[in-house]
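Heads up, the thing below is written out as structure tokens.
There are 2 protein chains.
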Amino acid sequence: MRCIGIDWGSSSRRAYALDENGQLLAERHDQAGVLHAALNGARGGTLGQRRDFGAELTGFVGDWLRQGPRTVWLSGMIGSRLGWREAPYLPVPLALDQLGAQALDLDWPAARMVCAEPPRLRLLPGLSQLPQAGLADVMRGEETQLLGAWRHWQASGRAAADEALFILPGTHSKWAHLRGDQGQAQVLNFQTFMTGELFRLLSQQGALGSLIDSTLPLLEHPLAQQGFDEGVDWAQSPEHGLLASLFRVRAEALLAPPAQRPGGTVEEIRLQAAARLSGLLIGSELGQLLRQPALRALPLLAVGEARLCAWYARAAERLGLALQCLDPREAHLAALRALEGLGD
Amino acid sequence: MRCIGIDWGSSSRRAYALDENGQLLAERHDQAGVLHAALNGARGGTLGQRRDFGAELTGFVGDWLRQGPRTVWLSGMIGSRLGWREAPYLPVPLALDQLGAQALDLDWPAARMVCAEPPRLRLLPGLSQLPQAGLADVMRGEETQLLGAWRHWQASGRAAADEALFILPGTHSKWAHLRGDQGQAQVLNFQTFMTGELFRLLSQQGALGSLIDSTLPLLEHPLAQQGFDEGVDWAQSPEHGLLASLFRVRAEALLAPPAQRPGGTVEEIRLQAAARLSGLLIGSELGQLLRQPALRALPLLAVGEARLCAWYARAAERLGLALQCLDPREAHLAALRALEGLGD
Numbered sequence: 001m002r003c004i005g006i007d008w009g010s011s012s013r014r015a016y017a018l019d020e021n022g023q024l025l026a027e028r029h030d031q032a033g034v035l036h037a038a039l040n041g042a043r044g045g046t047l048g049q050r051r052d053f054g055a056e057l058t059g060f061v062g063d064w065l066r067q068g069p070r071t072v073w074l075s076g077m078i079g080s081r082l083g084w085r086e087a088p089y090l091p092v093p094l095a096l097d098q099l100g101a102q103a104l105d106l107d108w109p110a111a112r113m114v115c116a117e118p119p120r121l122r123l124l125p126g127l128s129q130l131p132q133a134g135l136a137d138v139m140r141g142e143e144t145q146l147l148g149a150w151r152h153w154q155a156s157g158r159a160a161a162d163e164a165l166f167i168l169p170g171t172h173s174k175w176a177h178l179r180g181d182q183g184q185a186q187v188l189n190f191q192t193f194m195t196g197e198l199f200r201l202l203s204q205q206g207a208l209g210s211l212i213d214s215t216l217p218l219l220e221h222p223l224a225q226q227g228f229d230e231g232v233d234w235a236q237s238p239e240h241g242l243l244a245s246l247f248r249v250r251a252e253a254l255l256a257p258p259a260q261r262p263g264g265t266v267e268e269i270r271l272q273a274a275a276r277l278s279g280l281l282i283g284s285e286l287g288q289l290l291r292q293p294a295l296r297a298l299p300l301l302a303v304g305e306a307r308l309c310a311w312y313a314r315a316a317e318r319l320g321l322a323l324q325c326l327d328p329r330e331a332h333l334a335a336l337r338a339l340e341g342l343g344d
Numbered sequence: 001m002r003c004i005g006i007d008w009g010s011s012s013r014r015a016y017a018l019d020e021n022g023q024l025l026a027e028r029h030d031q032a033g034v035l036h037a038a039l040n041g042a043r044g045g046t047l048g049q050r051r052d053f054g055a056e057l058t059g060f061v062g063d064w065l066r067q068g069p070r071t072v073w074l075s076g077m078i079g080s081r082l083g084w085r086e087a088p089y090l091p092v093p094l095a096l097d098q099l100g101a102q103a104l105d106l107d108w109p110a111a112r113m114v115c116a117e118p119p120r121l122r123l124l125p126g127l128s129q130l131p132q133a134g135l136a137d138v139m140r141g142e143e144t145q146l147l148g149a150w151r152h153w154q155a156s157g158r159a160a161a162d163e164a165l166f167i168l169p170g171t172h173s174k175w176a177h178l179r180g181d182q183g184q185a186q187v188l189n190f191q192t193f194m195t196g197e198l199f200r201l202l203s204q205q206g207a208l209g210s211l212i213d214s215t216l217p218l219l220e221h222p223l224a225q226q227g228f229d230e231g232v233d234w235a236q237s238p239e240h241g242l243l244a245s246l247f248r249v250r251a252e253a254l255l256a257p258p259a260q261r262p263g264g265t266v267e268e269i270r271l272q273a274a275a276r277l278s279g280l281l282i283g284s285e286l287g288q289l290l291r292q293p294a295l296r297a298l299p300l301l302a303v304g305e306a307r308l309c310a311w312y313a314r315a316a317e318r319l320g321l322a323l324q325c326l327d328p329r330e331a332h333l334a335a336l337r338a339l340e341g342l343g344d
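In order, the protein sequences belong to chains A and B.
For the first sequence, the working numbering gives the first residue as 1, with consecutive numbering after it.
For the second sequence, the working numbering gives the first residue as 1, with consecutive numbering after it.
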């Protein structure tokens with residue numbers, strides 16, 4: 001085994017093991033995110049009683065250590081002040097090959113309990129955008145995805161340009177403008193949208209929560225597609241901002257109750273409302289591209305969970321934009337190969 | 001005692017008792033709102049075990065009944081499907097003198113336990129805006145405030161016009177375009193903004209919740225004023241929508257931690273972040289006025305809690321708009337006088 005990469009985020013973590021040739025040997029995933037307790041209970045709940053992340057990591061991939069990996073790479077919220085240790089934010093513009101060099105070495109005593117020669121444990125830095133370089137912004141974890149996504153895209157044969165906008169949908173959706181610079185990807189600037197977090201908050205509680213079943217999957221249901229498209233369209237009205245359009249999801253559901261719709265059921269209304277909210281939020285995010293002409297002209301690439309990216313692609317198409325989806329797993333593997341100096 | 005008016009909303013209720021001349025005799029307020037349990041626990045929690053609103057009402061104002069009021073007027077979410085009984089929505093455009101005539105008579109057996117001749121219990125309808133008349137929208141409770149606010153404004157001697165935009169800030173902020181028609185106020189159209197609900201959700205949880213002390217009052221602190229103004233300005237950037245600006249509140253707080261600011265404390269950073277979030281949301285709401293020229297030209301009146309209205313007035317001033325504040329208590333009393341056919 002050459003190395004292990006762990007994308008340790010707020011709500012979950014995912015581990016990959018690579019062999020000497022950079023091929024995937026094994027993969028693991030669980031819900032032990034850095035903010036797991038904090039998100040599900042009182043805020044800041046983990047501050048008082050710090051978790052033993054070293055022991056948690058050994059519990060997660062301890063058996064892999066016996067196969068002699070040289071490095072374990074950590075990325076994501078594990079490097080925040082709520083995580084294991086706070087890693088620096090590197091300010092953009094930044095060449096992404098700096099990430100590995102700027103990683104912090106962490107002490108990991110628990111590893112010596114399971115193997116004689118523990119791997120080097122490297123905590124990757126995040127990125128920041130200081131106010132003088134654009135809107136203040138930060139990311140943790142996505143920088144590693146970007147490093148790999150760029151390489152994966154360049155190696156795919158589908159990259160007709162040496163510049164692109166990478167969109168990483170999720171709780172905090174990130175847009176990053178990347179440009180090739182002597183074979184290396186440089187992050188010129190980035191911006192964060194609270195799209196996923198708002199969907200979660202609004203679909204689970206408050207005025208919309210009672211109308212939306214947030215556990216209902218958005219399947220390829222015609223009603224979901226129709227509701228999503230309506231939401232995307234609602235988001236494009238300059239006259240009505242997001243604050244008003246959000247309430248429209250409620251008003252439309254109240255004024256068109258199931259009994260008044262032939263064949264309409266409560267489940268269908270909930271599905272429709274969830275789809276409208278989703279379309280409204282994603283449409284609001286992507287609609288900003290129409291107001292940022294410099295970005296709109298770039299190739300657009302989405303890196304994230306396939307189903308979510310498919311919805312993003314649907315919204316983009318409705319806005320006259322072409323969005324290509326990349327596999328986030330392939331991106332992470334490509335990032336690990338880059339960090340290890342292996343070819344693709 | 002002539003009548004009792006009860007503004008029974010989602011999170012609280014307020015009762016007023018008027019004498020034969022329409023003067024205030026007594027007033028009461030508590031937190032037993034219609035969604036009280038639902039908001040503080042699992043959603044829809046009240047659906048299974050319906051509350052006995054009749055008994056709750058007797059407990060609230062039973063002692064007043066011995067003074068022989070003829071009518072008890074109920075307005076607000078008590079008339080929703082989660083309340084006592086669902087009252088209809090009257091579609092706009094609507095003359096507000098229709099409200100009393102269209103009220104539902106409720107049966108109130110519990111009242112006969114405390115007085116021989118119980119008052120008539122009248123549940124006021126809400127308003128709806130059907131899709132053919134604008135964006136679908138609904139209100140419950142605000143229509144009664146509007147009826148009174150219009151009369152209070154007209155009687156104040158400060159009404160230079162026979163038309164105005166009334167803004168009712170709160171969990172779901174309402175804008176209503178009213179016009180005088182043969183001495184009666186007519187609601188032409190209205191729109192709802194989820195301003196207050198988003199502030200509550202975002203300041204208590206998620207990425208911003210840990211940075212904001214939502215219990216911190218927004219006092220006349222210079223840092224709060226400065227942060228609020230920044231938020232209002234952030235909301236006016238067409239290039240950066242609300243979803244991106246929300247995350248900016250977090251990024252600015254992370255990139256300018258207390259230790260790097262001379263004299264800055266954690267409390268100050270939290271106050272600043274809360275003020276920025278508030279300015280961003282209120283600025284986003286009021287900024288829509290700049291995109292609705294027909295409304296922008298009207299006299300602007302805010303009816304709501306004094307401190308909240310003061311922040312709205314500050315945001316309006318920053319946007320070059322003049323916003324006059326009206327007392328919501330005076331508005332409700334004027335509404336009761338109108339419903340009872342009493343002069344001001």
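All C-beta atoms, glycine included, are put in the ideal place defined by N, C-alpha and C.
Closest by C-alpha distance to A:I282, out of A:V266, A:I269, A:L254 and A:A313, is A:A313.
Counting only runs of at least 3 residues, the region 68-147 of chain A fully encloses the following beta strand (DSSP E) elements, listed from N- to C-terminal order: 71-75, 89-91, 104-106, 120-123, 126-129 and 137-139.
Nearest Cα to A:A274 within the set A:G304, A:P222, A:A331 and A:L208: A:L208. Comparing alpha-carbon positions, the option among B:L280, B:G126 and B:R151 lying closest to B:D229 turns out to be B:L280. The secondary-structure analysis by DSSP pairs A:A164 across a beta bridge with A:L178.
Interface with chain A (8 Å Cβ-Cβ cutoff): B:D137 is included. Shortest Cα-Cα distance from A:L243 to any of B:D137, B:H29, B:L18 and B:W84 involves B:D137. Contact of A:E197 with chain B by beta-carbon distance below 7 Å involves G206 and A207. Contact check between the region 105-118 of chain B and the region 48-61 of chain B: three or more CB pairs, one atom from each, fall below 8 Å, which counts as touching. DSSP lists A:K174 as the bridge partner or partners of A:T192. Closest in C-alpha terms to A:R140, from the list A:P131, A:H152, A:V114 and A:L168, comes A:L168. Under the Cβ distance rule, A:Q292 counts among the residues neighbouring chain B, one pair being separated by less than 8 Å. No Cβ of chain A is located within less than 8 Å of the beta carbon of B:Q272. Counting only the Cα atoms, A:E252 lies some 41 Å from A:H332. From the beta-carbon of B:P93, no residue of chain A is found nearer than 7 Å; the closest lies around 16 Å away.
Taking C-beta separations shorter than 6 Å and ignoring five residues to either side along the sequence, the partners of B:L35 in its chain run S10, following chain order. Within the same chain, Cβ atoms closer than 6 Å to the Cβ of B:A149 are found at F166, V303, L326 and A331, the five residues on either side in sequence being excluded.
At a cut-off of 8 Å between beta-carbon atoms, A:R318 makes no contact with chain B. Taking 8 Å as the CB threshold, B:L242 lines the interface with chain A.
Taking C-beta separations shorter than 8 Å and ignoring five residues to either side along the sequence, the partners of B:L295 in its chain run L165, W175, H177 and L289, following chain order. Leaving aside the five residues that flank A:Q236 on each side, the residues in its chain whose CB is nearer than 7 Å to its CB run, in chain order, G283 and G287. Distance from the CA of A:H29 to the CA of A:G5, rounded to the nearest whole angstrom, comes to 12 Å.
Nearest CB-CB separation between B:Q191 and chain A: below the 8 Å threshold. For A:R28, the enclosing beta strand (DSSP E) starts and ends at L24 to D30. B:P118 sits away from B:T71, with the two beta carbons spaced by 8 Å or more. When DSSP states are grouped into helix, strand and coil, A:L301 belongs to the strand group.
Taking the C-beta atoms as reference points, A:G196 is found nearer than 8 Å to A:T171. Per the coordinates, the alpha-carbon of B:P238 lies some 22 Å from the alpha-carbon of A:P299. B:F247 has a beta carbon lying within less than 8 Å of a beta carbon in chain A. Counting of Cβ neighbours within 10 angstroms places A:P328 among the buried residues, the total reaching 16 or more. DSSP lists no beta-bridge partner residue for B:C309. For B:Q186, the beta-bridge partners assigned by DSSP are B:A95 and B:R179.
Within chain B, the residues whose beta carbon sits less than 8 Å from that of A:S284 are G241, L242 and L243, listed in sequence order. Distance from the CA of A:P131 to the CA of A:R81, rounded to the nearest whole angstrom, comes to 21 Å. DSSP lists B:L300 as the beta-bridge partner residues of B:L323.
Assignment of B:I6 by DSSP, reduced to helix, strand and coil, places it in the strand class.
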